[in-house]
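Numbering (the numbering used here), first residue to last: 53 to 220. All C-beta atoms, glycine included, are put in the ideal place defined by N, C-alpha and C. Given the structure is predicted, the values throughout are model-derived calculations rather than measurements.
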Amino acid sequence: MTDVTLKINGETRSASVPPETTLLKLLREQFNLTGAKLGCDVGDCGACTVMVDGVSVNSCLMLAGQADGREVLTIEGLATPDRLHPIQQAFEDCASLQCGFCGPGVIMSAKALLDANPDPAVAEIRDALAGNLCRCTGYTKMIEAVQEAAKVMRGAGARRGAKPARAA
Ligand code: FES
Ligand code: FES
Numbered sequence: 053m054t055d056v057t058l059k060i061n062g063e064t065r066s067a068s069v070p071p072e073t074t075l076l077k078l079l080r081e082q083f084n085l086t087g088a089k090l091g092c093d094v095g096d097c098g099a100c101t102v103m104v105d106g107v108s109v110n111s112c113l114m115l116a117g118q119a120d121g122r123e124v125l126t127i128e129g130l131a132t133p134d135r136l137h138p139i140q141q142a143f144e145d146c147a148s149l150q151c152g153f154c155g156p157g158v159i160m161s162a163k164a165l166l167d168a169n170p171d172p173a174v175a176e177i178r179d180a181l182a183g184n185l186c187r188c189t190g191y192t193k194m195i196e197a198v199q200e201a202a203k204v205m206r207g208a209g210a211r212r213g214a215k216p217a218r219a220a
């Protein structure tokens, strides 16, 4: 067994897991953080995207043991009890998702992008989301949402007609 202690969404968590356990499996099965999804399990779809030490990763490709001592942010760590994160709010306002399965991964990729680049060009947004596959949408509204979130996060104001943030 491998002993793992890591910080997840600001909280220190520990587990003892078989060495082949992925970070995705650790999150979902040990800690009941089921926002990151198991899609392809081979690094193709991005449904399992989380951030590790500030960088987006496919958690299906990282072993739990490799995350030992590191800081992990999952979709569950974005909203506060009374307010969605601006990226989540923008995805809702722009109606960017349909079934939603890809959503947590897309939003975590967008978060990693906007943390590093607060005012990305459309091409940079497309590039940042290139590893996140969506079977339902045409991606256009996702890109619009990332642009809107970027504006809000820069303090440049919300999109005209956007609904006020509501409780998660
Ligand atoms: Fe990890 Fe598809 S489940 S990339
Ligand atoms: Fe269904 Fe993206 S909204 S897979």
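Closest option to Ala-173, judged by alpha-carbon separation, among Met-160, Cys-188 and Val-198: Val-198.
Shown here, Ala-202 sits in a helix according to DSSP, grouped into three states. Cβ neighbours of Leu-113 within its own chain (closer than 7 Å, five residues either side excluded): Gly-95. Per the C-alpha coordinates, the member of Thr-74, Glu-63 and Lys-59 positioned closest to Met-53 is Thr-74. Counting C-beta pairs closer than 8 Å gives three or more between the stretch 146-159 and the stretch 174-186, which meets the contact rule.
Between Thr-57 and Asp-120 a beta carbon distance of about 6 Å is seen, short of the 8 Å cut, so the two are scored as contacting. DSSP, read as helix, strand or coil, puts Arg-80 in helix. Take Pro-138, set aside five residues on each side of it, and the residues of its chain with a beta-carbon closer than 7 Å to its own are Ala-201, Val-204 and Met-205, in chain order.
According to the DSSP assignment, Lys-59 belongs to the beta strand (DSSP E) that extends over 54-60.
Secondary structure note for Ser-111: it is in no alpha helix (DSSP H), with a DSSP letter that is neither H nor E.
Exclusion of the five residues before and after Glu-176 leaves Leu-165 and Asn-169 as the residues of its chain whose Cβ lies within less than 8 Å of its Cβ. When the Cα atoms are used, Gly-190 and Ala-147 turn out to be separated by approximately 12 Å. For a cut-off of 8 Å, the C-beta gap from Thr-126 to Leu-85 is around 5 Å, short enough to register as a contact.
Judged by the Cβ position, Gln-150 qualifies as a neighbour of ligand 2 at the 7 Å threshold, a heavy atom of the ligand being closer than this. Relative to the non-hydrogen atoms of ligand 2, the Cβ of Arg-187 comes within a distance shorter than 7 Å of at least one.
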